[in-house]
Amino acid sequence: LVDLTHERDVADLEHTLARQVANEIKGTFDNTKAGLTISYTFDTFAPISFTDQHAVLNEFVRGNTTIEDVSFVCTTAPFCTVGVETARITRSQDGAFLKGALRNLRTNDSFVSAQKGEVSVGAVAFSEAGPRITITLPVYNQPQQIIAVLFGTITLDTIQETVAKSILGETGYVYVVDGAGRIIAHP
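For the sequence shown, the tail end lands on 1270 under the working numbering, and the numbers increase by one without skipping.
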């Protein structure tokens, strides 16, 4: 009876730790999404000036080390070509901020969703530097009209750090898998 009770207590502790890790990871995503949310105080429909776009993107990259790449995407013809990035900042491997080559995202599912007012988080993509996700958000003006889309690539380094410090007993550990069952973070 004591062994069975001990096993149940250990299992409860493991579940509690797993829930805590899951909540911390969710908080990381929520904070990143909140940090990328933009609303402009324009009373009328107006696009964001190209100078302001680069300034805002530079602040995003400086203020959040998980942002690898971030851009504004046009939604407001005739001011620009709908679906084409109007400003893009990329973090280089040495940490410098570079103006990236502009891409046409018109047919990208995440862009299409953001044009409809939806926040989109993409599937995990793997690179030599580790797993990444894309996040796409609409940018609103004061009357809640979508005036642009913000498109970002986010590293999952903070999730890896969270998982690495989560230990279950003497030999147990936590790991995170994506929807396809691929491991995206482990000790």
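Positions of the beta carbon are idealized from the N, C-alpha and C atoms, including for glycine.
#### Entry: Sequence-distant residues of its chain with Cβ nearer than 6 Å to Glu1211 (five each side left out)
none
### Message
Less than 8 Å between the C-beta atoms of Thr1190 and Ser1203, yes or no?
### Response
no
### Query
Taking Cβ to Cβ, would you say Ala1170 is nearer than 8 Å to Ser1154?
yes
### Runs of beta strand (DSSP E) lying entirely within the segment 1237-1267, each at least 3 residues, in chain order
none
### Nearest-angstrom Cα separation, counted from Ile1242 out to Leu1185
29 Å
### Query
Under the criterion of a Cβ to heavy atom distance below 7 Å, does Ile1150 qualify as lining the ligand ATP?
The model on display carries no ligand, and the ligand ATP is accordingly not part of it.
### Pair within 8 Å by beta-carbon distance, Phe1234 and Leu1188
yes
### Message
Taking the beta carbon of Asp1152 as the centre, do at least 16 other beta carbons fall within 10 Å, making it buried, or is it exposed?
### Response
buried
### Task
In angstroms with no decimal places, state the Cα-to-Cα distance between Phe1133 and Ala1247.
41 Å
### Query
Between Phe1143 and Asp1092, what straight-line distance do the alpha-carbon atoms span, to the nearest angstrom?
44 Å
### Query
Helix, strand or coil: which one does DSSP assign to Ala1138?
helix
### Query
Ser1196 lies in the beta strand (DSSP E); which residues open and close that run?
Not the beta strand (DSSP E): Ser1196 falls in the alpha helix (DSSP H), residues 1192-1198.
### Task
For the segment 1146-1214, list the alpha helix (DSSP H) runs that are entirely contained and at least 4 residues long, ordered along the chain.
1192-1198
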